[in-house]
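The opening position of the sequence shown corresponds to residue 39 in the working numbering, with each subsequent residue numbered one higher. From the three backbone atoms N, C-alpha and C, an ideal C-beta is built for every residue, glycine too. Just so it is clear, the structure is predicted and the values come from calculations on it, not from any experiment. Written out below as structure tokens is the structure these notes cover.
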Amino acid sequence: MSEPFPTRAETLSTGALRPIAEGEASFLAAACAAIDPWRRLGFRPSALARYFDGSDPGLHRFALTLEGHVAGVLAVRWPWLRGPSIELLAVLPEFHRMGLGAAAVDWTAARAATAAKNLWTTVSDFNVGARLFWRRQGFAEIAPLPDLLAAGRAEMLMRRVLKT
Ligand SMILES: CC(C)(COP(=O)(O)OP(=O)(O)OC[C@H]1O[C@@H](n2cnc3c(N)ncnc32)[C@H](O)[C@@H]1OP(=O)(O)O)[C@@H](O)C(=O)NCCC(=O)NCCS
């Protein structure tokens with residue numbers, strides 16, 4: 039099967055992405071741990087840093103940049119369920135509503151469509167803004183996954199059907 043997520047820099051319709059640079063994982067981890075949903079779910083910076091730079095061949099991780107600034111992070115699990123899963127997407131608050139999140143999703147969908155018919159993600163039930171964001175990006179809510187990350191909370195499984 040072809041490799042849809044090459045480890046090289048790519049220009050997006052807004053901003054750009056590239057592999058996470060050496061030493062950048064701890065900055066991104068601290069930034070994510072400080073914002074919801076990870077703050078509310080109790081994620082520690084050390085665990086997120088391992089997630090960003092630990093050995094995991096099925097997890098394709100990128101820093102998002104805007105005008106030369108590190109502006110977010112994208113992690114895509116592939117192979118997954120007849121298509122990749124966007125496991126983590128964070129745009130740092132000072133870069134919100136500039137189109138970077140949508141550009142990162144569009145890039146992922148275009149890459150995914152070379153190999154599969156589905157693109158998946160999950161979003162915390164309390165993350166109202168992100169649920170609207172994902173719907174706007176063409177994702178439909180498929181099922182709640184109760185207690186997946188925290189007791190009493192659900193992650194919503196979301197699917198975008200790709201045009202291949
Ligand atoms: C959700 C997130 C990725 C969106 O990234 P972004 O770069 O700000 O989003 P975009 O600028 O590309 O937004 C595209 C469209 O999505 C919708 N949208 C984005 N954020 C939204 C929000 N908070 N509430 C409602 N709609 C939203 C809007 O329709 C927006 O278009 P508009 O700005 O022209 O109205 C970003 O807010 C974020 O990283 N949040 C914190 C972490 C998080 O929740 N990640 C998702 C975990 S599943």
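Next on the checklist: Just to confirm the assignment, what range does the alpha helix (DSSP H) spanning ALA192 have?
Outcome noted: It is not in any alpha helix (DSSP H) - ALA192 instead sits in the beta strand (DSSP E) that spans 192 to 199.
Item to check | Inside the region 93 to 175 only - alpha helix (DSSP H) runs reaching at least 4 residues | outcome: 138 to 150, 166 to 174
Item to check | Selection from ALA71, PRO44, PHE90, VAL199 that minimises the alpha carbon distance to GLU60 | outcome: Ranked by Cα distance from GLU60, the options ALA71, PRO44, PHE90, VAL199 are led by PHE90.
Checklist entry - Between ASP138 and ligand 1, is the CB less than 8 Å from at least one heavy atom? => result Here residue 138 is Leu; the residue named in the question, Asp, does not match the sequence. Checking the Cβ of LEU138 against ligand 1 gives yes.
Next on the checklist: Measuring only the C-alpha atoms, how far is ALA67 from ALA87?
Outcome noted: 5 Å
Checklist entry - Mind checking whether LEU187 and LEU79 have CB atoms under 9 Å apart? => result yes
Checklist entry - Would ARG77 count as contacting chain C if we go by Cβ distances under 9 Å? => result Although the question refers to chain C, the structure presented lacks it and comprises just one protein chain.
Checklist entry - Do the region 96 to 106 and the region 69 to 79 make contact, defined as three or more Cβ pairs closer than 8 Å? => result no
Item to check | Alpha-carbon to alpha-carbon, VAL161 and ARG169 | outcome: 7 Å
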